[in-house]
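Protein chains: 2
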Amino acid sequence: MREFSLAIVGATGLVGKEMLNLLEERDFPLSRLRLFASERSTGLALPFRGKELKVERLEKGCFRGIELALFSAGAQVSLKYAPQAQSDGAIVVDNSAAFRMEPQVPLVIPEINSGDLADQRGLVANPNCSTIQMLLALYPLYLAAGVERVFVSTYQSVSGTGQDAWEELTRQSRDLLRGRKPHPSVYPHQIGFNLIPQIGDFDRKGYSMEEIKFAQETQKILHDPRIRVYATTVRVPVFRGHSEAVSLQTRKRLTASQAKELLSQAPGVKLSEGEDYPLPLDCVGRDEVLVGRVREGGEGENILQLWVVADNLRKGAALNAVQITELLKDEL
Amino acid sequence: MREFSLAIVGATGLVGKEMLNLLEERDFPLSRLRLFASERSTGLALPFRGKELKVERLEKGCFRGIELALFSAGAQVSLKYAPQAQSDGAIVVDNSAAFRMEPQVPLVIPEINSGDLADQRGLVANPNCSTIQMLLALYPLYLAAGVERVFVSTYQSVSGTGQDAWEELTRQSRDLLRGRKPHPSVYPHQIGFNLIPQIGDFDRKGYSMEEIKFAQETQKILHDPRIRVYATTVRVPVFRGHSEAVSLQTRKRLTASQAKELLSQAPGVKLSEGEDYPLPLDCVGRDEVLVGRVREGGEGENILQLWVVADNLRKGAALNAVQITELLKDEL
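As they're listed, the protein sequences go chains B and S. Using this note's numbering, the letters of the first sequence map in sequence onto residues 775 to 1106. Using this note's numbering, the letters of the second sequence map in sequence onto residues 775 to 1106.
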């Protein structure tokens, strides 16, 4: 079997480590795996398939000989090094927001628009975590009934921000339980036992970058400029797993039981029914997007409501990127 | 000045204690104040205006001589003792869900429908916490533009459940930070660093009681059976203060700046603008409903979005009940 040389940029981050786990779990055929990270992590070693892999520094020419490069080290690193990886001959799968809305860059959720990979020119973007999980749940309903508007409120865990935020939630929670004043540093406000209804900067209309991504990425992935997504994105004091309360206005009426039938067969989706519903706790380390609390509006109202939970580090980031990489390798 | 004899039923609960605070803060003219609670609290004493008030047991005839009785001890206690208080001659202001949807019982938010108090027959219901805060923010927009549909997702703190839930969140958070397995008892699932998308039992269509209250109470308070409220209600690991992501489909288009102008003048509402937005932390002990993140949909879309935060123990419960009581006393 053909094997591939692969690099992970941002290997020591929460998503990078999950990429390593997934390559191991899914037996990705590797001739070589190189790990890159920022200065402060170089020299570290990470376990992979029973060995220790050294973490290297990004530098000129470092991608020579690499066929596939997974980036998850933030937009600044991607902007600087993704073009270099491409010119060194690698195909880049980028988990940052740097290139997602570039018209010539496919933005792909494999279960939905893997066909867009045919147009790749050496760079494919991985959508935002919260977009991926919502669209996996929405897609079968969209195909069956059309969707005019989506109203989505998110409950996003701190692991979406990274290791520092994980530690900040731990530290602040401990301090607060001991009656001590917490000291925000990663987030602009206290996150322990609190909520922060801002993820990313605001535009002049008051929408946060995370909310704008929801709308723009959905239109791009579905190739549907008419669909409207009204998001409110909120950081909550949960470590791992993003949750979303989603309400859809469909073009045709779809009952809750029709929706459940469709969701029960949708790839990548696990449906909970009856009194059962998914929790952030349930999704950790799982590949599927968990959907529950499916309900319909009254007579004459084309409304469906869902509760959608997924591991933001897996399907929301590392897994989707690895799935894209698996499809790309088959074309090499 | 005329003074009134008043009773609080459920005086040792989180809402009951807040009622005591408010009567003191607002200088309610009292000839007598009696405190009632369940068996396990009788004999306790609570501080009020520099004295200690004994907590008494509910029993036959205990409301004789009481003019106004505030109930906040759960629906079962209200069902049993509110009729008794009425037949003993008191007017009851009930914070439970027991009588809210009875056609002859006014359901009142003073800033919105104090006129409904004219029809009271000895019992007035206090709306649900999450309904109160949403409607205070929605009302000025509703008057100006009409509202067809509301999509609301809640982020509700554990103090809405009571003292036991507050302790459960504390205990579970501590256990989890020490690597110990938490033991749910008040809630059906872990609440520490987790979310529970269920508040109250489900109906056969999968809506929770909390979600149904939102829809029904809104229609009743606004006297508008056409308005549709699609809620998803979620318990979050926050101690105090409920938050809501609210999206409105208005009948006429209202811009965000028009909405902000209206909200800045609305009674009981405090508007945050620009980069500023309210957090659960900010609302604790405050009377106002805090509104921020006001934004509008694109051209041709009659959509407004808001972020609404309030102290669920104050305006969401005790304050609204005390405000109703203040209006009722003026008619005695």
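Built from N, CA and C at the ideal position, the CB exists for glycine as well. Nothing here was measured: the structure is a model prediction, and the numbers come from that model.
### Message
Using 8 Å as the threshold, is the C-beta distance between I995 of chain S and P901 of chain S below it?
### Response
yes
### Task
Measure the CB-CB distance between G1066 of chain B and W1081 of chain B and report whether it falls below 8 Å.
yes
### Query
Should R1025 of chain S go down as buried or exposed, given a rule of 16 or more other Cβ atoms within 10 Å for buried?
exposed
### Query
Helix or strand or just coil, what does DSSP make of D975 of chain B?
coil
### Query
Going by DSSP, what residues sit across from K1026 of chain B in a beta bridge?
K1026 of chain B pairs with nothing; no bridge assigned.
### Message
Taking the beta carbon of M775 of chain B as the centre, do at least 16 other beta carbons fall within 10 Å, making it buried, or is it exposed?
### Response
exposed
### Where K979 of chain S meets chain B, residues with beta-carbon distance less than 8 Å
A1030, R1069 and E1070
### Query
Could you give the C-beta distance for G1015 of chain B and N1086 of chain B, rounded to a whole number, given that I count them as a contact under 8 Å?
7 Å
### Message
For the alpha helix (DSSP H) containing Y1051 of chain B, name the first residue and the last one.
### Response
Unbroken run through Y1051 of chain B: none, as it is neither H nor E.
### Query
Listed in chain order, which residues of the region 964–975 of chain S have Cβ atoms closer than 8 Å to some Cβ of chain B?
Q964, F967, N968, L969, I970, P971 and Q972
### Nearest-angstrom beta carbon gap, Q1079 of chain B and V1020 of chain B [assumed within contact, 8 Å]
7 Å
### Residue(s) in a DSSP beta bridge with W1109 of chain S
Past the boundaries of the shown model lies residue 1109 of chain S; chain S is included only from 775 to 1106, so the question cannot be answered.
#### Entry: Distance, Q1039 of chain S Cα to I1001 of chain S Cα
24 Å
#### Entry: K1089 of chain B vs I906 of chain B beta-carbon contact at 8 Å
yes
### Message
Cβ closer than 8 Å: which chain B residues qualify as neighbours of V1010 of chain S?
### Response
Y929, L969, V1010 and P1011
### Cross-chain neighbours of L788 of chain S in chain B, by beta carbon under 8 Å
The contacting residues do not exist; L788 of chain S stays about 16 Å from chain B at best.
### Message
Taking a contact to mean a Cβ-Cβ separation below 8 Å, would you say S779 of chain B touches G839 of chain B in this structure?
### Response
yes
### Task
Could you give the DSSP three-state label for V921 of chain S: helix, strand or coil?
strand
### Query
In the region 1076–1087 of chain S, which residues sit with their C-beta less than 8 Å from some C-beta in chain B, listed in chain order?
I1077, Q1079 and W1081
### Task
Measuring only between beta-carbons, confirm whether L1046 of chain S sits less than 8 Å from chain B.
According to the sequence provided, residue 1046 of chain S is Ser. The question's Leu does not apply to it. Not an interface residue.
#### Entry: Positions along the region 933–950 of chain B whose CB lies within less than 9 Å of some CB in chain S
L943, T944, S947, R948 and L950
### Query
Whose C-beta lies closer than 7 Å to the C-beta of V960 of chain B among residues of the same chain, with five residues either side of it excluded?
T935, D938, A939 and E942
### Message
Give me the residue from S:S815, S:L842, S:L809 and S:R814 with the minimum Cα distance to L827 of chain S.
### Response
S:L809
### Message
Within 8 Å, do at least three Cβ pairs link the region 906–920 of chain B to the region 982–996 of chain B?
### Response
yes
### Task
Pick helix, strand or coil for S927 of chain S, following the three-state DSSP scheme.
strand
### Interface flag, P958 of chain B vs chain S, CB-CB below 8 Å
no
### Task
Out of B:L796, B:L1064, B:K791 and B:T1029, state which residue places its alpha-carbon closest to the alpha-carbon of A918 of chain B.
B:T1029
### Message
For V1019 of chain S, would you say it is in contact with chain B, using Cβ-to-Cβ distances shorter than 8 Å as the test?
### Response
The displayed chain sequence assigns Ala, not Val, to residue 1019 of chain S. So yes, A1019 of chain S belongs to the interface.
### Task
For T905 of chain S, decide whether its Cβ has a neighbour in chain B, counting only Cβ atoms nearer than 8 Å.
no
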